[in-house]
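In full-length UniProt numbering, the protein residues as written are 1 to 270.
Cβ atoms here follow ideal geometry from the backbone N, Cα and C, with glycine treated the same way.
Computed from a predicted model, the values in this text were never measured in an experiment.
Reviewing the structure listed below.
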């Protein structure tokens, strides 16, 4: 309502943002500059409503799309995390089976080899006991004969004892077998090389390098500069980068199966 003319304002000055009635429009002197733009209020409201509506609809739809993608991304990531955990547990079972099988084989091999050696030692013990018993019996016979010093037959008997004793022979102490086990030093790298884990967040990639995933979900890199792909563009040929469960990277030489904490691609980066 125009206070001066008591008339509804149907116009608005675009420059001053002041409502104007029809009489104010006629009285241009002292009211508004002729250069000011004046528009119908209803049309102006409609125009701004359209602008704001389009802006809201456009940004709102984009935010809804982003939210949908984020929620899908979280679900996908949760599925990947669950898959990784299940994979680690399967690796745990596999490694335990491998260790149990290897340990069982080693124990059976030790039992088989030591059984033969022990049988030899048992036989030597039996032979030694037999010699001792025989020689003890001959010694008892000798003591009995030495008491009779008048009988000439004692000489014949003593000679017989001598021949029997010579036939028995002397025992020889054998070279005893021995066995020992040296504990193997297993490093963290040796153990972790049996596990394959992916890093939760990818590194910042150089320009022209894009990280993708294959059908199994494993990451690889597309080099748009050379139009080639690789598992790790920063490593020499034959090397693979893996991560510990805590996220620390280590490197595997696929040819020698050697593991190291040192980045073999450091020279390439320099």
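Measuring alpha carbon to alpha carbon, tell me which of the options ends up nearest residue i.
i, options, result
"residue 262", "255, 241, 256", "241"
"residue 238", "244, 252, 228", "252"
"residue 169", "146, 157, 127, 182", "127"
"residue 118", "58, 210, 175, 208", "175"
"residue 207", "222, 243, 213", "222"
"residue 271", "8, 69, 67", "Because the chain here runs from 1 to 270, residue 271 falls outside it and cannot be looked at."
"residue 213", "266, 94, 229", "229"
Tell me where the beta strand (DSSP E) around residue i begins and ends.
i, result
"residue 240", "239-243"
"residue 209", "209-213"
"residue 40", "38-40"
"residue 230", "228-230"
"residue 262", "From DSSP, residue 262 is part of no beta strand (DSSP E); its letter is neither H nor E."
"residue 223", "219-223"
"residue 9", "Counting along the chain, residue 9 falls outside any beta strand (DSSP E), and DSSP gives it neither H nor E."
Would you list the one or two residues that DSSP bridges to residue i?
i, result
"residue 77", "Beta-bridge pairing links residue 77 to no other residue."
"residue 253", "239, 258"
Q: Spell out a yes or no on whether the region 132-139 and the region 161-174 are touching, meaning 3 or more CB-CB pairs, one atom from each, closer than 8 Å.
A: yes
Q. Between the region 142-153 and the region 77-87, are three or more C-beta pairs nearer than 8 Å?
A. no
Q.
Quick check for students: name the residue ranges of the alpha helix (DSSP H) that lie wholly in the region 107-181, counting only runs of 4 or more.
A. 153-168
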